[in-house]
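K.L.:
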Amino acid sequence: CDFGVTRTGNGDATVVITRPDGSKRTIMFTGGRATGADISQADGGAVFNAQRDGDLNLIKAGDERYEIPDAAVSGG
Numbered sequence: 011c012d013f014g015v016t017r018t019g020n021g022d023a024t025v026v027i028t029r030p031d032g033s034k035r036t037i038m039f040t041g042g043r044a045t046g047a048d049i050s051q052a053d054g055g056a057v058f059n060a061q062r063d064g065d066l067n068l069i070k071a072g073d074e075r076y077e078i079p080d081a082a083v084s085g086g
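Residue numbers (our numbering): 11 to 86.
(1) Rounded C-beta distance between residue 85 and residue 35? I'm assuming under 8 Å.
(2) Mind checking residue 23: buried by the 16 CB within 10 Å criterion, or exposed?
(3) Once DSSP output is grouped into helix, strand and coil, what is the label at residue 26?
(4) In the DSSP assignment, what residue or residues form a beta bridge with residue 63?
(5) Can you say whether residue 83 is buried or exposed, counting buried as having 16 or more other CB atoms within 10 angstroms of its CB?
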């Protein structure tokens with residue numbers, strides 16, 4: 011998926027992912043760790059979960075799955 015990143019320093023960033031249907035999902039990072047997503051009641055009670063595997067952030071937002079490398083968040 012296409013994505014864009016806004017970095018504010020110290021590992022804080024916002025990643026906006028454009029899904030195949032054109033809708034967008036926003037994932038927030040604090041200190042290099044995924045801390046939340048723009049999940050709403052319209053997402054049917056979707057739950058956010060984030061884990062790390064090496065330099066990948068493995069993110070679940072309801073039924074959606076994302077793998078975001080540290081380099082995308084830090085710019086490295």
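For each residue, glycine too, the CB sits at the ideal point set by N, CA and C.
P.N.:
Let me spell this out:
(1) Contact doesn't hold; Cβ gap of about 20 Å is too wide.
(2) Result: buried.
(3) strand
(4) 66
(5) buried
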